[in-house]
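Notes for the one structure printed next.
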Amino acid sequence: VQLQASGGGLVLPGGSLRLSCAASGSIFSINAMGWYRQAPGNQRELVAAITSGGSTDYADSVKGRFTISRNNAKTMVYLQMNNLKPEDTAVYYCSAEVHTGWAYWGKGTQVTVSS
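Per our numbering, residue 661 is the first one in the sequence shown, and the count goes up by one each step.
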């Protein structure tokens, strides 16, 4: 499975960004896709995930502000981020979960929320 993330950038507090992740390769093996983030000095944390059945899960810190979605072909996953806060600043990673766990990772995309 190959993952290519895009869409990061610099945004003002209260602004919005949409991250995209394109999946290719053995996508039939994917059970779920998700977005993780890692800020300097912090551990990588799961932000949002969507299963092959369409169920979603979010970190408490982003509930009501972030929305994860995907296309019908399950080759794209998106993270719509609204009302961004400075504490959302991090490198965001797209990941795919297969039977062995969150085994596949895309290159990170930087999200910076600052005035």
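All residues carry an ideal CB built from backbone N, CA and C; glycine is no exception.
The beta carbons of alanine 709 and glycine 694 sit about 3 Å from each other, so the pair counts as a contact at 8 Å. When the Cα atoms are used, glutamine 662 and glycine 685 turn out to be separated by approximately 6 Å. Around the beta carbon of phenylalanine 726, 16 or more other beta carbons sit within 10 angstroms, so the residue counts as buried.
Per DSSP, alanine 750 is one residue of the beta strand (DSSP E) stretching across 750-758. According to DSSP, arginine 730 shares a beta bridge with Val737. Spanning the alpha carbons of glycine 675 and asparagine 743 requires a straight line of approximately 5 Å. Annotation: tyrosine 764 to phenylalanine 688 spans about 13 Å, alpha carbon to alpha carbon.
With respect to the 8 Å criterion, serine 666 and asparagine 691 are not classified as neighbours on the basis of their beta carbons.
Scanning the segment 701-725 from its first residue to its last, the whole beta strand (DSSP E) runs of 3-plus residues come out as 705-711, 716-718. DSSP places serine 774 in the coil class of the three-state scheme, outside both helix and strand.
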